[in-house]
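In what follows, a single structure is set out as structure tokens and then discussed.
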Amino acid sequence: MNDYWSVLVSLLVLVSVGAGAAATTGPDAAAPTPIRSCTVIDTPGTYHLSTDVVNRTTEVCVRIQVSDVVLDGGNHTITGGDTNGTVGVYVGPQSNSNVTVQNLTVSDWGTGIRYENGSGKTIVNVTTQSNVDVGVGLLFSADVTVVNSLAVNNTFGMAVVDSENATLVDNTVTRNTENGISLVNATSNTLSENEVVANTDDGIELNSADGNWLRGNTVSQNSVGVFLLNSTSNTLTDNHVTHNEHSGVLLIAADDNALRANEASRNGRDGIAVEAESGGNSLIDNEVSGNTESGIRVRRATETAVSANLASNNSVGVLLRLAADTTVRNNTATDNAAGIALAGSESNLIAGNRLVRNLGSTSAVGPVPGTSRATPPNNQTTEPNRSAGLIVLNSSDNQIRSNRATNNAVGVRLSSAHRNTLDNNTVSKNGVGIHLRGSHRNRLVDNKAVANRDGVVVSLSHGNFLINNLAATNAESGVDLSGRHNVLFKTTATANLRTGIRVTGRNNTLSEVNANGNGAFGVSIRDSHISVLSNSTVNRNGDDGILLFRSESIVISNVTASRNGGSGFHLSASRRNRVRNVTVSRNDDAGIRLATSDANRVANVSAVGNGDGVRLFQSQDNTFVATTVSDSAGWDFVGTAGSVNNSVRGFALDSATVSFDGRDIALGTVHSPPAVPDNRAVLGRFVAVTGMSSDSRLSLTVSYPQAAVAEANVTEDSIRTWLFKGTWTIAPSTNEVNTERNVVSANITPAGETVVVALLGRTNATAETTATAARSEPPLDQAGQRTPTRRTSLGRSP
């Protein structure tokens, strides 16, 4: 693409000279006037070239100075001397009209045929070849038609300069050493059905040319197919622009042009490129395929509309690079390495696009100038695989809305992209549905990630909001969230084959999430600190409902975890976490399970119908407050393998409420209690205590309601902790009642055996009442006497 404005003007400007030794010729009234040599035509009429003409010295061979002339070459040739500034046929410089040149070959001149000034002229079936400047040149002309002509092996094939309303139709322009067809400062011209092939520079170039129409042209094997420079309000429709060395269609500093229903395929760079300082262009319903780089590239341009295009088998289907205020809507990008990509772009709208099978890897997206490529910590790669349905790289404040991405390596990928909004997109059957990497303060709202390998992955990213998204039936995780200060709100992760929601990092917040029916964990919080999970439901997952692993200072509140295949809550290698106001029910393993986890606080928990209510393994210094456990299939509370210094306060087992500290002990409800000794009555329910090792010990405080004293008709200060191991005995060592607090405290050392514990008080009953009570229970050591059956194994290792 040369700066050839001055070149073309100089080539087309011709001094007013005569035709050398040529004669002045007039028409014959009855028949065409024959021409046998170079001449000047200054009389209207029809002229016929009767022989080939060779003249290597004259500046102009045939000069037409009047209107109403037909020059018929009779398929002869006018040959010059390969000299710049010479012209084979020159119509002008007078403002004449109605001049036709036809059936002629003009070769080896500076300009083959030149029309200057005037209007209403025609060139038909003319060949201009091997001219050193221009094959056909129109200068300061209007309403000129060039039809069915050939321009071959010239410097410029055809040039329209400072002219308007010209029509170039059905011409072949090929193998010219500069541009095939050039429009310079030309307006309202039409190029239709031309074949512009194998020119060294541009096939068709518009330079400062406005309001022109290019329709149905075939433009191939040029450097650039169609080039618009500083040109405005042109329309390109139904053109076939293929196999060009660089871009198919290129716009630079060109505004308000419309490209509709063109094919731009198999070009060496981009199919259509809208480049520097261009604005307000529209690209609609074009097909761009098989281009080496982008199907459509918008670079350093603004307010471009890219709509309803088909982009396939390119490196990138549609690329916005350093672009702003561009709309990319309702396009289909399929079988590219990347479907749609934004690089260093801001304030664009990407909406309603269909992105399918974009699976390869491409470097065409980046890097973006001004961004760092320094190696990040932990040997993380600097440039992720560019394959995706939609890539947003180093771009901000874009709206990505209602797109569908299917069968891509990644559905939507954000890398170092900030403050973008992803709204109502559907991503399915991709490797990853939506992936944010090193991207901050983005909003993901109402998206659906279904049947991908991973649904939504947020890695090394901070301050993002994920609101009301669905992640379902993905092969790995529904949502995988890492980084800091991210918020996951009103998100549903269901029926994923492994984990519903996986979280790592610091200061992340999960609220009103539903993680149900996943194959493994509902919510897995790993290597996390100071994060929150609240007001959520985690049900019917294959393993644990909620897993905390190597996590610290996590707050979990107002959560329901039910019917999970593992535990409702499982804390593993985690410390200083807070669990409060939760319900865990019908979980196959434990309601709440702690393994090698210390200094956690669990409060206001309801655990109903779980395998075990609460289980501890090698866990210390934990606190349980106001925990209610009932209908456990195993133990209501069990601590094993050196679980010591755990404080349990207000632990309700069915109707018995206890507080305790201990080591390697298990507590459960007794469903078939033994008979109590004569003159003794039980307050509340019986508790089964099992020592899980030879070093088991328990400091137990059991509470009783004041009303139970009168109901049992006992002397309150006689209430003590009793143990049943075949026979009833008062618990040794410390064993005392606090009548002000309505509690009884005792130290118990079950040492690898099971005992039944109860609060018994001395009755104030009559002898008759005592005898009746004795008959109502079997003998204490009767073979039919049962102690509760309780699981004494250590359970699963963490």
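My numbering applies: residue 722 is where the sequence shown begins, and numbers increase by one. The beta carbon of each residue, even a glycine, is placed where N, CA and C say it ideally should be.
According to the neighbour-count rule (16 or more other Cβ atoms, all chains shown, within 10 Å of its Cβ), is residue i buried or exposed?
| i | result |
| --- | --- |
| T1047 | buried |
| A1428 | exposed |
| P1098 | Residue placement at P1098 is flagged as unreliable, the pLDDT there being 35, under the threshold of 50; a coordinate-derived value is accordingly withheld. |
| D1399 | exposed |
| P1426 | exposed |
| A1109 | buried |
| D931 | buried |
| P1471 | buried |
| S664 | The structure shown does not extend to residue 664, since the chain is modelled only from 722 to 1519, so the question has no answer here. |
| A1402 | buried |
| A1241 | buried |
| E1457 | exposed |
| G1447 | exposed |
| N1461 | Before going on, a small fix: residue 1461 reads as Glu here, not Asn. Classification of E1461: exposed, given that the 10 Å Cβ count is below 16. |
| R777 | exposed |
Beta strand (DSSP E) containing residue i: first to last residue?
| i | result |
| --- | --- |
| V1430 | Looking at the DSSP string, V1430 is not in any beta strand (DSSP E); the run it does join, the alpha helix (DSSP H), is 1427-1433. |
| S1136 | 1131-1136 |
| D1248 | 1244-1250 |
| D793 | 790-800 |
| I1386 | 1386-1390 |
| H964 | Segment: none, H964 is in no beta strand (DSSP E) and carries neither H nor E. |
| W934 | 934-936 |
| L1181 | 1175-1183 |
| H1291 | 1290-1293 |
| G1363 | No beta strand (DSSP E) holds G1363; DSSP gives it neither H nor E. |
| N1237 | 1235-1237 |
| Q823 | 820-828 |
| D1056 | No beta strand (DSSP E) holds D1056; DSSP gives it neither H nor E. |
| N1325 | 1322-1329 |
I need the DSSP call for residue i, collapsed to helix, strand or coil.
| i | result |
| --- | --- |
| E1520 | Absent from the structure is residue 1520, since the part of the chain shown begins at 722 and ends at 1519. |
| S1198 | coil |
| D1438 | helix |
| A1354 | coil |
| E1024 | coil |
| Q1506 | Only weak support is given to the placement of Q1506: the predicted model assigns it a pLDDT of 34, under 50, and the question is left unresolved by the model. |
| M879 | strand |
| R1301 | strand |
| R896 | coil |
| C759 | coil |
| E780 | coil |
| A750 | Residue placement at A750 is flagged as unreliable, the pLDDT there being 46, under the threshold of 50; the coordinate-derived value follows with that caveat. Looking at A750 - three-state DSSP - the assignment turns out to be coil, as it is neither helix nor strand. |
| N1065 | Reading off the sequence, residue 1065 comes out as Gly, not Asn. Coil at G1065, not helix or strand. |
| S1222 | Per the sequence shown, residue 1222 should be read as Ile rather than Ser. If DSSP states are grouped into helix, strand and coil, I1222 belongs with the strands. |
| T1013 | coil |
| K1169 | strand |
| I834 | strand |
| T804 | coil |
| L1541 | The structure shown has nothing for residue 1541, since the chain only spans 722 to 1519. |
| R1075 | strand |
| D1382 | strand |
| L1515 | Legend: pLDDT at L1515 = 29, less than 50; position of this residue unreliable, value from coordinates given subsequently. Looking at L1515 - three-state DSSP - the assignment turns out to be coil, as it is neither helix nor strand. |
| T772 | coil |
| A997 | coil |
| G1482 | strand |
| G1412 | strand |
| H1139 | strand |
| Q815 | coil |
| H1156 | strand |
| E916 | strand |
Please look up how many angstroms separate the CB atoms of residue i and residue j, rounded, as I've assumed it's under 8 Å.
| i | j | result |
| --- | --- | --- |
| L980 | L957 | 5 Å |
| R818 | N846 | Per the sequence presented here, residue 818 reads as Ser, with Arg not at that position. The pair is not a contact, with the Cβ atoms about 20 Å apart (cut-off 8 Å). |
| A997 | A974 | 6 Å |
| R987 | N1012 | 7 Å |
| N1034 | D1056 | 5 Å |
| I1121 | N1141 | 6 Å |
| L859 | S884 | 5 Å |
Mind the definition here: the segment 1428-1437 touches the segment 1393-1400 only if three or more C-beta pairs lie below 8 Å; say whether that holds.
-> No, because fewer than three Cβ pairs between the segment 1428-1437 and the segment 1393-1400 fall closer than 8 Å, the two stretches do not touch.
Is the segment 1281-1288 close to the segment 1297-1308, with three or more CB pairs under 8 Å?
-> With contact defined as three or more Cβ pairs closer than 8 Å, the segment 1281-1288 and the segment 1297-1308 are in contact.
Pairing CB atoms from the segment 817-831 with CB atoms from the segment 879-887, are three or more of them under 8 Å?
-> With contact defined as three or more Cβ pairs closer than 8 Å, the segment 817-831 and the segment 879-887 are not in contact.
The segment 794-810 touching the segment 760-767, judged by at least three CB pairs closer than 8 Å = Taking a cut-off of 8 Å on C-beta distances, the segment 794-810 does not touch the segment 760-767, as fewer than three cross pairs fall below it.
Segment contact, 8 Å Cβ cut-off, at least three pairs: the segment 1349-1360 with the segment 1436-1454 | The segment 1349-1360 is not in contact with the segment 1436-1454.
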